[in-house]
Structures are given as C-alpha cells and as structure tokens.
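To keep things clear, I will list the structure first and then write my remarks on it.
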Amino acid sequence: MCDLSFLKNYKLEGELLEIYEFPDPILKKVAKEVTVFDDDLIKTIKNMLYTMYNAPGLGLAAPQIGISKRFFVMDIDYDREKITNANGEEETRLSAFNPRVFINPKLSNHTGEIFYEEGCLSVPGIYEKVKRAQSISVVYQDLQGKIQTLEATDLLAICIQHETDHLDGIVFLERLSLMKRKFIKKQFLKERNK
Ligand code: NI
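If you use this note's numbering, the sequence shown corresponds to residues 2 to 195, in order.
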C-alpha cells in the first residue's frame, strides 16, 4: 500500500518541475484517464504540489507539466506571508497547507453563475474575469484509486472547473469573449517573445 501520509501533514519538499506555457501544444490535448495508481504517480503528485506552492498558485494540472493524463493538484486554503529577513531580503513564507488531489474527475450538476478574476501558471501575468458555474458536483478518484464525491461551491468550484478544463485541452483564455481572447493572446505572445 502506498504511503499517503504526506498529504495530511504536508511538508514543502520535492523537485521543481518545468511548467509548460501557452501556446504549447500539450495544453491543447485532451488528456487520458489514469489507470495505474502507483508510487510513480505519488512522486509526480508530490513534485506537482511543490511546484504549485513554489510558483505560488492555487492549482496545477498534469498537462501543465507535460503529462497528458487526467489529474491535478490544488490548494485554495494555504497562507502566504511576505516577510523581510534580517539582511533586508523579502521572502514569502507559506503555511497552513491543505493539499487536494483529484484523479479522473467528472463534473456534473453545474448550477448558478459566478465571475472571478482567474490566472494560470501556464499564462503568467494574465488575469481576467471568467464566468463559471457557482456550484458543481465532482466524482473523482483519490491517490489509492478510491472513488470520492464532493459538492463544491465558489472558489473551490471555480478552481476545479479551471483545472478540469486543462484536462480537456482548454486554457482559461478560451472562456473569454472572442474579442478579448484575441487581444489578450496577442498581448501575451508579444510580451513572451521580447
Ligand atoms: Ni491553469
């Protein structure tokens, strides 16, 4: 049996993974179901959490680190505190971790509407208001492959929809109006190529 205690008493450790950025083709692919729940998957999840916290971000989906499989990590609860240390350098201290892992998520019962200014580690520097369902039901598997269900609202629902979109090859820019999308894509690519 795999040791999953790292999720309960999470400690910031792991390896920094490369985050693939828009318009990398891997972000447009529909990811495949996870069928093997083993130590390799756990190792990847650990490194994804570390990479997400280091960024810092609220969520990170497997396609964003170059793996076209249906899973993502998320934490919408942790604290980020900017502190200045003795030699005057600023650093961000993270605490109160609440890491979540969703494998093969299926969303249903989309109800209500909510607008939230979203960002994405694959589209750095861009923040735009996106319309999402205010509440959803999620059926997913945990790291042991056990089926779990969750009713999510507000920020949790928003993040789950954003990350599940990544598994379907959709970056949040695709959720904007056509005009806005064109303008922002152009602006982002211009900045990126500087
Ligand atoms: Ni994203």
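Here a beta-carbon is modelled for each residue, glycine too, at the ideal position from N, C-alpha and C.
Checklist entry - Apart from the five residues on each side of it in sequence, which residues of its chain come closer than 6 Å, Cβ to Cβ, to Ala158? => result So the qualifying residues of the chain are Ser136 and Ile137.
Checklist entry - So Gln162 is in the alpha helix (DSSP H); what residue range does that whole segment cover? => result Where Gln162 is concerned, the enclosing alpha helix (DSSP H) stretches over Asp155 to Leu168.
Next on the checklist: With distance defined between alpha-carbon atoms, name the residue in Leu42, Ile27, Asp4 and Gln188 nearest to Tyr128.
Outcome noted: Selected option, being the one with the closest Cα: Gln188.
Checklist entry - Whose C-alpha, out of Leu28, Met53 and Leu5, is nearest the C-alpha of Asp41? => result The option with the nearest alpha carbon to Asp41 is Leu5.
Item to check | Terminal residues of the beta strand (DSSP E) in which Ala76 lies | outcome: The sequence shown places Asp at residue 76, not Ala. Counting along the chain, Asp76 falls outside any beta strand (DSSP E), and DSSP gives it neither H nor E.
Checklist entry - On the three-state DSSP scale, how would you describe Leu18? => result Correct three-state label for Leu18: coil.
Next on the checklist: Could you check whether the Cβ of Cys160 sits closer than 6 Å to any heavy atom belonging to the ligand NI?
Outcome noted: Every heavy atom of the ligand NI is 6 Å or more from the Cβ of Cys160, so no.
Next on the checklist: If you follow the beta strand (DSSP E) that Lys130 is in, where does it begin and where does it stop?
Outcome noted: Start and end: Glu129 to Arg133.
Checklist entry - Counting only runs that start and end within the region 29-54, where is the alpha helix (DSSP H) found for 4 or more residues in a row? => result DSSP runs (the alpha helix (DSSP H)) wholly in the region 29-54: none.
Next on the checklist: By alpha-carbon positions, which one of Asp169, Val35 and Asp155 ends up nearest to His111?
Outcome noted: Relative to the Cα of His111, the nearest Cα in the group Asp169, Val35 and Asp155 belongs to Asp155.
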